[in-house]
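Numbering (the working numbering), first residue to last: 1 to 115. Using N, Cα and C, we set each Cβ at its ideal position, and we do this for glycine too. First the structure, in the form of structure tokens, and then the observations on it.
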Ligand code: AMP
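Structure below.
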């Protein structure tokens, strides 16, 4: 997988406001938040796109990502009010960073459908 800004954040070469870290997952506040709570949750292992995921082989990692999202939502106080988890994949979805990531968005009413 190509080097991205998220690789540098994983290696702590550039600063980030980290809210959660485990052996497999890192989560940090989005630098350009689109909601009062906007956190990026990434696997530490190099996966660029959702199309690289093998549901069976990567089941544990996917579980870790969603466990982290639920834990962070609780810590941030948005587990009861609700939140959105978004994965932008590829060009038409506007994925800017080719390193798989969940956007965890909350803290306000979110409109639907997305643009
Ligand atoms: P996406 O468009 O789905 O690829 O989302 C990439 C997200 O990463 C955007 O919401 C950016 O604001 C965010 N982002 C880019 N660089 C950084 C950074 N250095 N620290 C935190 N968030 C970042």
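Taking the beta carbon of residue i as the centre, do at least 16 other beta carbons fall within 10 Å, making it buried, or is it exposed?
i           : result
residue 62  : exposed
residue 106 : buried
residue 69  : buried
Kindly indicate which three-state DSSP category residue i falls into: helix, strand or coil?
i           : result
residue 68  : helix
residue 100 : coil
residue 21  : strand
Of the choices the options, whose alpha-carbon is the least far from that of residue i?
i         : options             : result
residue 1 : 108, 102, 50 and 81 : 50
Just the C-alpha distance for residue i and residue j, rounded to the nearest angstrom, thanks.
i          : j           : result
residue 90 : residue 29  : 22 angstroms
residue 9  : residue 37  : 19 angstroms
residue 58 : residue 111 : 31 angstroms
residue 76 : residue 19  : 10 angstroms
residue 56 : residue 65  : 15 angstroms
residue 14 : residue 113 : 34 angstroms
residue 48 : residue 80  : 31 angstroms
Report yes or no: is there a C-beta of chain C within less than 8 angstroms of the C-beta of residue i?
i          : result
residue 42 : In the structure shown, chain C does not exist; there is a single protein chain.
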